[in-house]
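S.K.: In mature numbering (1 follows the signal peptide of the UniProt record, and there is no 0), the protein residues as written are -24 to -1, 1 to 838.
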Amino acid sequence: MVRVVGSPLVLAAVGLCLATAVYGAAVQDTPITRLDSPAAWQKFLSKMATSEMDYMNSEETENQETMMKPEGESASGESGESREELAASVETTGANNNTAVSGGAGQNEATLFHHLFDGMNKDLANVFNLIVKNAAEKQWWRGENVCIDRQEKVDRNNETDTGSGGVGQLNQLFSFGSAQFSSCRHSPSKYVCTTTTHKRDESKTVTVTHQCCHGYRRINNKGQCAKVDLKPMTDLMQEVGGAEFMRMVKSVDMSDKLESENLTVFVPNDEAVKQYENEMFATNNVRLRRRIEDNEVMTGESFKSDLSPTDMVLAHVIPGIVDMNEVSNEEVGKPLLLLLILLIMVLAHDIPGIVDINEVSNEEVLHSELHNSSIRMNVYPGEKEAVVTANCAEIKSANNPSTAGLVHVVSRVMKPVEKTLIELIRAEPSLSMFSQILENSNLTQMLSEHPHMTVFAPNNAAFDKMESGLRNKYLRGQACIKSVLKHHIVPHTICTAAIPNKKRSTIDLNGEWLSLERDASGTLVVGDKAHTETSDLMATNGVVHIVNKVIQPKSAQPTSQILSQSNHTTWLELVQKANLMDMIDQTVNLTMFVPSEASLNEPATKEKLDAMSPEALRDVVLYHSAQPKVCSCEMENDMVVNSTLEGQKLQINMFSNPLFSGLQARATVQCARIINTDEKGCETVAHEIDRLLEPPTQTAVEFVKSNQNLTVFSQIIEGTKIMAELLEGSVEPFTLLAPSDESFKNVPEADLNTLKEDKEMADTFVRKHMLEDHVCCSSVTPVMWPFVNEASNLAGTNLELRRDSAGRVHFGQAVATHCDNIAKDGVVHFINKPLLPRPSQLQSGGIKVTDPTGMQVLLFGI
């Protein structure tokens, strides 16, 4: 076990210095109230308790209600600071989200933490005042023309409720008192404070919202609430460029409705309405022409049996502009259906209530007045300001106030949205192959239930362009088709308006990057040159873009192709030479550790590989592969996986930097450092390592005995208890620090003979050279004072590990001279010095120490 040791005194001193510096800079010479006597403490606690109880009593006297009133007027007509303002005043000036905690019963103690550093907070605020010149200005929500909405919700505790979570369980924490949690949120147009009080039998939440009253706005989201001239919504629509939409409103006799209710209307601009009408009429003419060419009798029954309701409406829409006041009796059948579609389009753009664009959040779903049809709001980062869309229609002009609500101008007509993603895909004839493959891959439920997704759906023509063998495998659910499908799905809504001229990237369901850009014509291009043919088809839970090409991700490509793309050509040549190319491409659930090109081209490694027989080379290649498939996120310390070379295992170890333990840990496999991770292929993952792995053929004891530079250490270990345990295989994993013969030359002959002859002392000596875990040289990092890297040995003591400025690895006082010799049961490092006690300790046979009480203890052995 490797540990990091730091001096508590040093760490405490560092922390105290930092705290003193910060506090000193803030407080400077401000006097501090001293709490150095019982009387002072009692006075302090009483003051804090009184202020908190006054606040809570004011909350308890409120009735459950919702009110709208201008700032400065209380419910009873009193002037001055209202109870709602008091509830909101728990926020800290200048912060968007602040949380405070106070208590009911046992209040003195509960409020101590809340108020203990009030003096410091004031001084810190003074520092902020020096930086923010206008910090002392009155907040806009405390000014004039501000209305307050107060909503209160009480949840009674159900004592019989034993389920996990919920108010009932939370209130059990406050069985003997109460606690209060407050937070405030500041946006350009609202200031919202929420206070939740928990008691034994109930939980009460009070939400206080400050915003400009109707007819007042913060101009450009700055300053106080100022009066604005409000026009009727019908007049405003024409003024902001929605005259064509206004014509639709009048055609279906909805002008009065727009003036009599609080509404939010998404108004398509004139260009968008005209474009929609042209597309609608063109589609209708094509369908009518086809029916006439087929000599089909156009009867009501044929429409009813052959056409969907949408087709029936489109078939009756006539080209041109129809003035309803000039329609003759003979034409009445046509305009009635035109009225129907106009009514649908108008209702689809209306939202009950007021929706401020400044307050919408990404993926928020609103519901229009058309059968609860959804309008999905999305907010994307833009080059200068955020891009906001409603059902993928970009909002060109937002928050235009009228006497009856708000008008937002959008860039296109929003069609009613009532189908889920999978329903939309199934209903589109050009996506029949894609729909079938989704069914075969069991992904349809996800596309029905997930709250927000984007699907780049290849049309039938895209599949027809593929090689027939691969297409058939896809239709049968083979060839990693699930990875292919997930590469076409993104777990959030991406509209065309979100992609400017610059190239963007996002993450698909595989966790792989998917590029998005616009071509010269403005068409959205996805991944490997897949062009969108139809964009922004809205569903209730996302959007569909129809593309003209199947995009193959790396995770669906054969392993050999992945290695070729990542320039591992030398390794591929070795795989080909070992006749294992089909194996790496066809084996599923495979992990491959691929040596880097630089390591394979080192002269010594190259010479070794060139001298290998085909059988030996085959074993080496197989040794680098393992099952199951293990990505970097699944790796754990001391993880063992089975190599595809029969009888061999690969051990993975994880090591972190002692000073920055929060950083990503470095990983090794058989002490080879993993330098790049997670190159995913079809049912395969490849990790790049910094050296060639060779299958071990000996145990650690066999390695020591067979090495000509370890004869002295071999004599010492012979006949010891630890040697018997190693031969039994009961000491895994471990690291053996083997002193070379050269290192024993400076040991007195008498001491050396003692080690060779006294097997009990020799056993202790060897255990001191054995670490409890796999410790690779590549895992030992430089450590700065006051931190120390330590590892436990089998003798029960700790050994310091470090890497010096020259890159040498130190184990205690010894330096590793030949690292990372992998044995079947552990790892062996050569060291340049035996880890011996002082000479007097060997001669006396023990170590004399004195414990904290002054008692002397003689410890026998090393």
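Glycine included, every Cβ here is placed at the ideal spot set by N, Cα and C. If you're wondering where the values come from, they're calculated on a predicted model, not measured in any experiment.
Using the Cα positions of H162 and E655, report the straight-line distance between them to the nearest angstrom.
M.R.: C-alpha separation (whole angstroms): 44 Å.
S.K.: Report back the beta-carbon spacing between E748 and N765 to the nearest angstrom; my notes put them in contact at under 8 Å.
M.R.: Wrong, their Cβ atoms sit about 14 Å apart, outside the cutoff.
S.K.: With 16 as the cutoff for other CB atoms within 10 Å, does G498 come out buried or exposed?
M.R.: Counting Cβ neighbours within 10 Å, G498 comes out exposed, since fewer than 16 surround it.
S.K.: Please check the pair C658 and P534, which I expect to be a contact at CB under 8 Å, by giving their CB distance rounded to whole angstroms.
M.R.: 6 Å between Cβ atoms; contact.
S.K.: Ordered along the chain, which non-local residues of its own chain (more than five positions away) have a Cβ less than 7 Å from that of residue 842?
M.R.: Any question about residue 842 goes unanswered here, given that the chain covers just -24 to 838.
S.K.: Below 6 Å CB to CB, which residues in the same chain sit around E399 once its five sequence neighbours on both sides are set aside?
M.R.: Hits under 6 Å: none found.
S.K.: With distances taken between CB atoms, is the gap from A433 to L451 smaller than 8 Å?
M.R.: Cβ atoms of A433 and L451: not closer than 8 Å.
S.K.: Identify which residue in S755, R778 and C795 has its Cα closest to the Cα of F763.
M.R.: Minimum Cα distance to F763 is reached at R778.
S.K.: Determine the DSSP secondary structure at A155, reduced to helix, strand or coil.
M.R.: Residue state, collapsed to three classes: strand.
S.K.: Tell me whether L777 sits in a helix, a strand or coil according to DSSP, three-state version.
M.R.: Strand, per DSSP.
S.K.: Looking at C-alpha atoms only, which residue of I465, K553, A532 and M209 is the closest neighbour of L446?
M.R.: It is A532 whose Cα lies nearest to the Cα of L446.
S.K.: With 16 other CB atoms within 10 Å as the buried threshold, where does T660 fall?
M.R.: So T660 counts as buried.
S.K.: Using a threshold of 8 Å, state whether the C-beta atoms of V385 and I401 are closer than that.
M.R.: Contact flag unset, no.
S.K.: In the DSSP assignment, what residue or residues form a beta bridge with Y599?
M.R.: Per DSSP, none; premise fails for Y599.
S.K.: Closest to V216 by CA distance: which of S350, Q200 and P377 is it?
M.R.: Nearest of S350, Q200 and P377 to V216, Cα basis: P377.
S.K.: Can you give me the Cβ contacts of N543 inside the same chain, cut-off strictly under 7 Å, excluding the 5 residues immediately before and after it?
M.R.: The answer, listed in chain order, is E573.
S.K.: Does DSSP put F242 in a helix, a strand or coil?
M.R.: In the structure shown, F242 sits in a strand (DSSP, three-state: E or B).
S.K.: Excluding the five sequence neighbours on either side, which residues of its own chain have a C-beta within less than 7 Å of the C-beta of Q674, listed in chain order?
M.R.: Result list for Q674: S682, A799 and K800, in chain order.
S.K.: Looking only at its own chain, which residues have a Cβ that is under 6 Å from the Cβ of V570, when we skip the five neighbours before and after it?
M.R.: Cβ within range, chain order: H544, W547, A662 and E664.
S.K.: Let me check one thing: in DSSP terms, what residues is T644 bridge-paired to?
M.R.: Answer is N629 and R649, bridged to T644.
S.K.: Report the option in E708, S349, C189 and K697 whose CA atom is closest to the CA atom of T396.
M.R.: The option with the nearest alpha carbon to T396 is S349.
S.K.: Is there contact between the segment 588 to 601 and the segment 615 to 630, where contact requires at least three CB pairs shorter than 8 Å?
M.R.: Yes: at least three Cβ pairs fall under 8 Å.
S.K.: From Y356 to R176, what distance separates their C-alpha atoms?
M.R.: Each residue's Cα considered, the two are about 44 Å apart.
S.K.: Is it buried or exposed for E220, if we count other Cβ within 10 angstroms and need 16 for buried?
M.R.: So E220 ends up on the buried side.
S.K.: Let's test the definition: count the other Cβ atoms within 10 Å of the Cβ of M760 and tell me whether it reaches 16, buried, or not, exposed.
M.R.: Flag for M760 reads exposed.
S.K.: Going by C-alpha distance, which of K582, H468, I351 and Q684 is nearest T240?
M.R.: The shortest C-alpha separation from T240 is found at I351.
S.K.: Give me the Cβ distance between L668 and L576, rounded to the nearest whole Å; I'm assuming they're in contact under 8 Å.
M.R.: With 8 Å as the limit, L668 and L576 qualify as a contact, their Cβ atoms being about 7 Å apart.
S.K.: Identify, in the order they occur along the chain, each residue of the same chain with its Cβ nearer than 7 Å to the Cβ of E488, setting aside the five sequence neighbours on each side.
M.R.: So the qualifying residues of the chain are H463, P529, K530 and S531.
S.K.: Nearest CA to the CA of T711: which residue from F679, T173, E725 and Q537?
M.R.: T711 has its Cα closest to that of F679, out of F679, T173, E725 and Q537.
S.K.: Compare the C-alpha of E340 against each of T420, N354 and E578 and name the closest.
M.R.: Selected option, being the one with the closest Cα: N354.
S.K.: What is the rounded straight-line gap between the Cα of E120 and the Cα of L346?
M.R.: Cα-Cα distance, rounded: 38 Å.
S.K.: Under the rule that 16 or more other beta-carbon atoms within 10 Å means buried, what is H745, buried or exposed?
M.R.: With 16 or more Cβ atoms within 10 Å of its Cβ, H745 is classed as buried.
S.K.: Taking the alpha helix (DSSP H) that F710 belongs to, which residues open and close that run?
M.R.: Segment: none, F710 is in no alpha helix (DSSP H) and carries neither H nor E.
S.K.: Threshold first: 3 residues or longer. Then list the beta strand (DSSP E) segments lying entirely within the segment 405 to 472, N to C.
M.R.: Counting only runs of 3 or more, we get 429 to 434.
S.K.: Who are the Cβ neighbours of N629 in its own chain at under 6 Å, not counting the five residues just before and after it?
M.R.: Cβ within range, chain order: N613, T644 and H750.
S.K.: For G139, which three-state DSSP category applies?
M.R.: Caution applies to G139, whose pLDDT of 43 falls short of 50 and renders its modelled position unreliable; the model cannot decide the point.
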